[in-house]
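In the working numbering, the protein residues as written are 501 to 658.
C-beta atoms are modelled at their ideal positions from N, C-alpha and C, and glycine is treated no differently.
These numbers come from a predicted model, not from an experiment.
Here the structure is laid out as structure tokens; the discussion comes afterwards.
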Amino acid sequence: MVGSFKTWWSNHSVAERMVLLLLGASIAIVLLWLVVWRPVTDGLAAGWARQGAALDRYGSVRSKVMALKALPAAPQRAGLPVEQLVSQSAAEAGFTLDRVGSSGTGMSVSIASAKTGPLLSWLSQIEAAGISVQSISIVPGQTPGTVAMQAVLRDSGL
Numbered sequence: 501m502v503g504s505f506k507t508w509w510s511n512h513s514v515a516e517r518m519v520l521l522l523l524g525a526s527i528a529i530v531l532l533w534l535v536v537w538r539p540v541t542d543g544l545a546a547g548w549a550r551q552g553a554a555l556d557r558y559g560s561v562r563s564k565v566m567a568l569k570a571l572p573a574a575p576q577r578a579g580l581p582v583e584q585l586v587s588q589s590a591a592e593a594g595f596t597l598d599r600v601g602s603s604g605t606g607m608s609v610s611i612a613s614a615k616t617g618p619l620l621s622w623l624s625q626i627e628a629a630g631i632s633v634q635s636i637s638i639v640p641g642q643t644p645g646t647v648a649m650q651a652v653l654r655d656s657g658l
């Protein structure tokens with residue numbers, strides 16, 4: 501095989517050999533560009549984009565954590581019954597309890613319209629005060645951007 505290549509090469513003139521060398525070098529350059537350079541630069545660009553997105557997510561999560569740390573303290577029990585504490589904290593949070601009733605093992609509460617963020621914040625505050633959520637159902641509300649909630653709350657004995 502090498503012998504046949506040497507014979508083929510020697511059958512060409514010096515000018516033809518130079519043209520073949522230039523053609524081979526240009527093919528090698530194009531292949532290096534397609535096989536090595538483009539994938540590496542594309543990978544680096546994608547990596548920088550992922551890092552930028554991760555930094556944006558980190559900043560967003562960090563600001564949310566700072567906002568959560570700045571929330572007011574959970575309501576104190578001060579010997580209040582569960583029904584009174586839930587009603588009082590809901591009113592302070594700006595919610596109207598549409599239905600309040602006694603359930604088998606706890607207290608049944610219904611809110612017809614509330615924003616999701618403040619509602620979940622209120623639930624976490626009452627949980628911090630020692631009232632656990634036994635069951636909850638949150639569905640989209642009639643007004644865009646709101647939800648309706650039905651929950652069964654119980655004194656967790658704190």
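Measure the CB-CB distance between Q625 and R654 and report whether it falls below 7 Å.
Start at 1 with the first residue of the sequence shown, and residue 625 comes out as number 125. Start at 1 with the first residue of the sequence shown, and residue 654 comes out as number 154. Not in contact: Q625 and R654 (Cβ atoms no closer than 7 Å).
Hey, would you say S610 sits closer than 7 Å to D598, going by beta carbons?
In the sequence shown, residue 610 corresponds to position 110, counting from 1. In the sequence shown, residue 598 corresponds to position 98, counting from 1. Yes, these two residues count as a Cβ contact at 7 Å.
Would you mind reading off the limits of the alpha helix (DSSP H) that contains D556?
Within the sequence shown, numbered from 1, the residue matching residue 556 stands at position 56. Run containing D556: 538-569, per the alpha helix (DSSP H) assignment.
Counted within 10 angstroms of its Cβ, other Cβ atoms place W622 as buried (16 or more) or exposed
Position 122 of the sequence shown, counted from the start, is the residue given in the question as residue 622. Burial call: buried.
Which residue marks the beginning of the beta strand (DSSP E) containing M607, and which one marks its end?
Walking along the sequence shown from the start, residue 607 turns up at place 107. Residues 607-614.
If you check the beta carbons only, do S632 and S656 fall under 7 Å apart?
Within the sequence shown, the letter at position 132 stands for residue 632. Within the sequence shown, the letter at position 156 stands for residue 656. The answer is yes: Cβ separation under 7 Å.
What did DSSP end up calling L523 once you bin it into helix, strand or coil?
If you number the sequence shown from 1, residue 523 lands on position 23. DSSP places L523 in helix when its eight states are reduced to three.
Tell me which same chain residues have a C-beta within less than 6 Å of the C-beta of L658, skipping the five on either side of it?
Within the sequence shown, residue 658 is the residue found at index 158, counting from 1. Low per-residue confidence applies at L658: pLDDT is 49, beneath 50, and the placement is therefore not dependable, though the value from the model is reported in the following sentence. Cβ neighbours of L658 beyond the five flanking positions: G630.
Taking V582 as part of the alpha helix (DSSP H), name the residues at either end of that continuous run.
The residue you call residue 582 lines up with position 82 of the sequence shown. Looking at the DSSP string, the run of the alpha helix (DSSP H) that includes V582 is 582-593.
Going by DSSP, what residues sit across from I529 in a beta bridge?
Here residue 529 corresponds to residue number 29 of the sequence shown, with the count starting at 1. DSSP output for I529 lists no bridge partner at all.
Roughly how many angstroms lie between the CA atoms of S637 and V600, to the nearest whole one?
Position 137 of the sequence shown, counted from the start, is the residue given in the question as residue 637. Position 100 of the sequence shown, counted from the start, is the residue given in the question as residue 600. Near 15 Å, if we compare the C-alpha coordinates of V600 and S637.
So, V647 versus T616, is the Cβ gap smaller than 7 Å?
Locating residue 647 in the sequence shown gives position 147, counting from the first residue. Locating residue 616 in the sequence shown gives position 116, counting from the first residue. Yes, they are a contact pair.
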